[in-house]
Amino acid sequence: MSYDLVIVANRLPVDRVELPDGTKGWRTSPGGLVTAIEPVMRANHGIWIGWPGGIDEELEPFESDGLELAPMSMSAEDITEFYEGFSNGTLWPLYHDLVAKPEFHREWWDAYVRVNRRFAEKAASLAAENATVWVHDYQLQLVPQMLRDLRPDLRIGFYLHIPFPPAELFQQLPWRRQILEGLLGADLVGFQLPGAAQNFVRLVRQRVGHKTHRDLIYLPDGRTVRAAAFPISIDAAGFEEMARSASVVERVEEIREALGRPRKVFLGVDRLDYTKGIYARLRAFAELMGEGHIDVEDAVFIQVAVPSREQVEQYRILRDEIERLVGRINGDHGRIGRPAVHYLHSSYPREEMAAMYRAADVMVVTPYRDGMNLVAKEYVACRYDDDGALVLSEFAGAADELRQAWLVNPYDINGMKSALLEAYRADDKEVSRRMRAMRKQVTQHDVKAWAASFMTGLSDVGGGHVKDVRA
Ligand code: GDG
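For what it's worth, our numbering labels the leading residue of the sequence shown as 2, then goes sequentially.
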């Protein structure tokens with residue numbers, strides 16, 4: 002079996018489900034990445050390598066909804082040391098501006114190397130001669146070079162979905178050089194923002210000593226690596242279509258009715274993660290209520306906190322803190338039948354998400370640091386009447402494109418309070434002027450355009466002998 006296009010990501014884009022006849026099966030998880038990559042995979046005889054969840058399960062490659070998938074197994078130790086440990090306890094906080102303190106453990110690093118090697122070997126075994134391999138995200142930064150050592154004939158792309166930190170922070174990592182060299186195995190290294198690509202090029206020049214010029218890195222063996230920004234996006238048309246569907250329109254009414262028909266609905270939707278700034282945002286809202294600027298009879302805040310990384314201690318602590326705060330806010334400001342904050346610790350089908358986006362007058366997205374933040378773009382895509390206000394952190398990648406949002410510094414609680422209040426009080430004309438501009442941006446730069454531009458970028462670099470992949 003050999004494939005002209007191999008996608009390598011930590012997770013496979015499928016969830017295990019129980020079928021009506023009681024047997025177990027798979028359902029493609031409807032994430033943005035699948036939507037983007039599916040057409041490219043179909044057009045190029047592609048396969049996707051990743052972990053399907055579960056412990057110690059050796060599964061044969063299989064097909065789901067016409068996508069070819071190659072499952073990687075993970076042992077309990079891999080999950081603790083590679084996934085929860087090095088990926089989410091070391092790299093995640095380090096790459097997000099040290100919002101939490103990263104832990105450095107040598108055994109976590111060993112596991113990271115070990116698992117990356119297994120992914121690289123799998124990709125090497127499935128790729129056709131001169132094929133293209135696209136590796137995704139911070140869990141797999143060593144795969145590009147490992148794969149190049151095994152298969153110098155391949156064209157290799159890497160895309161980082163999260164921020165890439167400035168040299169001053171990256172420097173802390175005891176294995177900084179290995180990570181840089183791992184990434185340099187790729188022909189094209191893609192980032193969300195130009196600043197991240199520049200951080201990477203600067204580090205390579207300083208730490209590895211290679212010559213660089215603008216976005217190009219010249220390796221001693223004659224190879225050239227390009228580092229550039231490819232801001233990710235969403236299936237904007239798909240979201241809008243869903244938001245317009247009769248069932249979603251009906252559900253929006255139900256939601257507003259169930260909330261007691263408040264005049265304004267504020268909404269936050271995030272994985273329960275310390276980078277997302279959920280705590281500070283709720284405090285800002287509560288202070289506005291306490292000071293009488295917002296009345297609980299008039300407005301409500303819905304906070305969806307999607308369960309995430311629950312085995313990692315910092316995430317458990319954060320959950321307790323947020324839940325204590327929500328309890329206090331509702332105790333202080335709620336009335337019978339009128340809580341100030343509706344807190345939902347759960348995940349929802351996409352239709353329900355679209356209905357919530359439609360039901361919300363003010364969408365509040367205030368991460369301390371975020372590679373992009375797709376929730377902000379999804380909100381915009383769903384607001385086909387050009388209504389709805391977006392309050393957005395300057396530190397989300399999305400702020401580069403959504404300039405007409407009410408931009409805030411999430412560390413500045415007073416600044417956030419002012420922005421929330423302005424968005425809450427803004428007149429319809431102002432709101433729609435801003436939303437129109439943001440909708441133009443999101444609809445013109447959707448996720449298919451993102452995937453196509455990365456694939457085109459990839460075919461422009463790397464060996465000329467490599468087969469071209471259709472974008
Ligand atoms: C990383 C980077 C970057 C959320 N809850 C539910 C649900 N979601 C969907 C959202 C959105 C996605 O999950 C979350 O994406 P974000 O971009 O907001 O954040 P991360 O998970 O941190 O993603 C980020 C992204 O990668 C892509 O490169 O933008 O910066 O951190 O699409 O809609 N979907 C469903 N039910 C839920 O309950 N169905």
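Even glycine gets a Cβ: it sits at the ideal position worked out from N, Cα and C.
1) Quick check on His-343: does DSSP put it in helix, strand or coil?
2) Alpha carbon to alpha carbon, how far is Pro-103 from Phe-83?
3) Just to confirm the assignment, what range does the alpha helix (DSSP H) spanning His-162 have?
4) Roughly how many angstroms separate the alpha carbons of Glu-254 and Asp-154, rounded to a whole number?
5) Roughly how many angstroms separate the alpha carbons of Ile-218 and His-211, rounded to a whole number?
6) Three-state secondary structure (DSSP) at Tyr-280?
7) CA-CA distance, Ala-124 and Ile-80?
8) Check for me: the alpha helix (DSSP H) holding Pro-368 runs from which residue to which?
9) Where DSSP assigns a beta bridge to Leu-214, which residues make up the other side?
10) Starting from Asp-150, trace the alpha helix (DSSP H) in both directions and tell me its first and last residue.
11) For Pro-62, list the residues DSSP reports as bridge partners.
12) Am I right that Arg-440 and Asp-401 are in contact with their C-beta atoms under 8 Å? What's the rounded C-beta distance?
13) What residue from Arg-339, Leu-273, His-446 has the CA that sits closest to Thr-367's CA?
14) State buried or exposed for Ser-76, treating a residue as buried only when at least 16 other CB atoms are found within 10 Å of its CB.
15) Can you determine whether any heavy atom of ligand 1 sits closer than 7 Å to the C-beta of Pro-308, and answer yes or no?
16) Are Val-448 and Ile-233 touching if we call contact CB-CB under 8 Å?
17) Is it the case that the CB of Arg-384 approaches a heavy atom of ligand 1 more closely than 7 Å?
18) Would you identify the three-state DSSP class for His-334, choosing helix, strand or coil?
19) Round the Cβ separation of Asp-188 and Leu-161 to the nearest angstrom and send it over; I've been treating them as touching at under 8 Å.
20) Would you report the Cα separation of Tyr-425 and Glu-322, rounded to the nearest angstrom?
21) Is any heavy atom in ligand 1 found nearer than 7 Å to the beta carbon of Asp-371?
22) Less than 7 Å between the CB of His-446 and some heavy atom of ligand 1, yes or no?
23) Between which two residues does the alpha helix (DSSP H) containing Thr-444 stretch?
24) Work out the CA separation of Leu-283 and Phe-267 for me, nearest whole Å.
25) Tell me whether Tyr-412 sits in a helix, a strand or coil according to DSSP, three-state version.
26) Let me check you understand the geometry: is the CB of Glu-85 closer than 7 Å to at least one non-hydrogen atom of ligand 1?
27) Ends of the alpha helix (DSSP H) at Trp-109?
28) Less than 7 Å between the CB of Gly-398 and some heavy atom of ligand 1, yes or no?
29) If distances are taken between C-alpha atoms only, which option among Val-409, Cys-383, Tyr-369, Phe-192 comes closest to Ser-454?
30) Pop quiz: Val-365 and Gly-291 are said to be a contact at Cβ under 8 Å. What is the actual Cβ separation, rounded to whole angstroms?
31) Considering only heavy atoms of ligand 1, does any lie closer than 7 Å to the CB of Ile-48?
32) With DSSP run on the structure shown, which of helix, strand or coil describes Arg-43?
33) To the nearest angstrom, how far is it from the Cα of Arg-156 to the Cα of Phe-165?
34) Would you say Pro-350 touches ligand 1, meaning its beta carbon is less than 7 Å from a heavy atom?
35) Go through the region 214-253 residue by residue and report every complete run of the beta strand (DSSP E) that reaches 3 residues or more, in order.
36) Please name the residue in Glu-423, Arg-384, Met-373 whose C-alpha comes closest to that of Ser-246.
Let's see:
1) The residue given as residue 343 occupies position 342 in the sequence shown. Under the three-state reduction of DSSP, His-343 is assigned to strand.
2) Start at 1 with the first residue of the sequence shown, and residue 103 comes out as number 102. Start at 1 with the first residue of the sequence shown, and residue 83 comes out as number 82. About 14 Å.
3) Your numbering for residue 162 matches position 161 in the sequence shown. Looking at the DSSP string, His-162 is not in any alpha helix (DSSP H), and its letter there is neither H nor E.
4) Here the question's residue 254 lines up with position 253 in the sequence shown. Here the question's residue 154 lines up with position 153 in the sequence shown. In a straight line, the C-alpha of Glu-254 is about 56 Å away from that of Asp-154.
5) What you label residue 218 is simply residue 217 of the sequence shown in a count that begins at 1. What you label residue 211 is simply residue 210 of the sequence shown in a count that begins at 1. Going by the C-alpha atoms only, they are around 7 Å apart.
6) On the sequence shown, residue 280 is found 279 positions in, with the first residue counted as 1. Residue state, collapsed to three classes: helix.
7) For the purposes of this step, residue 124 is taken as the residue at position 123 of the sequence shown. For the purposes of this step, residue 80 is taken as the residue at position 79 of the sequence shown. Their Cα atoms are separated by approximately 20 Å.
8) Here residue 368 refers to the residue found at position 367 when the sequence shown is read from its first residue. It is not in any alpha helix (DSSP H) - Pro-368 carries neither H nor E in the DSSP assignment.
9) Position 213 of the sequence shown, counted from the first residue, corresponds to residue 214. According to the sequence displayed, residue 214 carries His and not Leu. His-214 pairs with Leu-217.
10) Position 149 of the sequence shown, counted from the start, is the residue given in the question as residue 150. Residues 144-151.
11) On the sequence shown, position 61 is the one that residue 62 refers to. According to DSSP, Pro-62 bridges with nothing at all.
12) If you number the sequence shown from 1, residue 440 lands on position 439. If you number the sequence shown from 1, residue 401 lands on position 400. That belief does not hold up - the Cβ atoms of Arg-440 and Asp-401 are roughly 16 Å apart, past 8 Å.
13) As a position in the sequence shown, residue 367 is number 366, starting the count at 1. Checking every option, the nearest Cα to that of Thr-367 belongs to Leu-273.
14) In the sequence shown, the residue the question calls residue 76 occupies position 75. Its Cβ having fewer than 16 others within 10 Å, Ser-76 is exposed.
15) For the purposes of this step, residue 308 is taken as the residue at position 307 of the sequence shown. Pro-308 Cβ: outside cutoff for every heavy atom of ligand 1.
16) Here residue 448 is taken as the residue at index 447 of the sequence shown, counted from 1. Here residue 233 is taken as the residue at index 232 of the sequence shown, counted from 1. In this structure, Ile-233 lies closer than 8 Å to Val-448 by Cβ.
17) On the sequence shown, residue 384 is found 383 positions in, with the first residue counted as 1. The answer is no for Arg-384.
18) The residue you call residue 334 lines up with position 333 of the sequence shown. Secondary structure of His-334 (DSSP, three-state): helix.
19) As a first step, residue 188 must be located in the sequence shown, where it is residue number 187. As a first step, residue 161 must be located in the sequence shown, where it is residue number 160. Wrong, their Cβ atoms sit about 15 Å apart, outside the cutoff.
20) As a working mapping, residue 425 is identified with position 424 in the sequence shown. As a working mapping, residue 322 is identified with position 321 in the sequence shown. Distance between the alpha carbons of Tyr-425 and Glu-322 is about 26 Å.
21) For the purposes of this step, residue 371 is taken as residue 370 along the sequence shown, with counting starting at 1. Correct: Asp-371 has its Cβ closer than 7 Å to ligand 1.
22) Numbered from its first residue, the sequence shown carries residue 446 at position 445. His-446 Cβ: outside cutoff for every heavy atom of ligand 1.
23) Working through the sequence shown from its first residue, we reach residue 444 at position 443. That run of the alpha helix (DSSP H) goes 429-445.
24) To locate residue 267, count along the sequence shown from 1; it is residue 266. To locate residue 283, count along the sequence shown from 1; it is residue 282. If you take the alpha carbons of Phe-267 and Leu-283, they lie about 10 Å apart.
25) Residue 412 sits at position 411 when you count from the first residue of the sequence shown. Three-state DSSP puts Tyr-412 in coil, outside helix and strand.
26) Position 84 of the sequence shown, counting from 1, holds the residue named residue 85. The answer is no for Glu-85.
27) On the sequence shown, position 108 is the one that residue 109 refers to. Residues 107-127.
28) Taking the sequence shown and counting its residues from 1, the one referred to as residue 398 is at position 397. Gly-398: yes, Cβ under 7 Å from ligand 1.
29) For this step, residue 454 is matched to residue 453 along the sequence shown. Ranking Val-409, Cys-383, Tyr-369, Phe-192 by Cα distance to Ser-454 puts Phe-192 first.
30) Locating residue 365 in the sequence shown gives position 364, where the first residue counts as 1. Locating residue 291 in the sequence shown gives position 290, where the first residue counts as 1. Not quite, the Cβ-Cβ distance comes to about 17 Å (not below 8 Å), so this is no contact.
31) Reading the sequence shown from its first residue, position 47 is the one you call residue 48. No; taking the cut-off as 7 Å, the Cβ of Ile-48 has no heavy atom of ligand 1 nearer than that.
32) To locate residue 43, count along the sequence shown from 1; it is residue 42. Taken through DSSP and simplified to helix, strand or coil, Arg-43 comes out as helix.
33) As a first step, residue 156 must be located in the sequence shown, where it is residue number 155. As a first step, residue 165 must be located in the sequence shown, where it is residue number 164. Note on geometry: alpha-carbon atoms of Arg-156 and Phe-165 lie some 23 Å from one another.
34) Looking up residue 350 in the sequence shown gives position 349. For ligand 1, at least one heavy atom lies less than 7 Å from the Cβ of Pro-350.
35) 217-219, 225-230
36) Taking the first residue of the sequence shown as 1, we reach residue 246 at position 245. Comparing Cα positions, the closest option is Arg-384.
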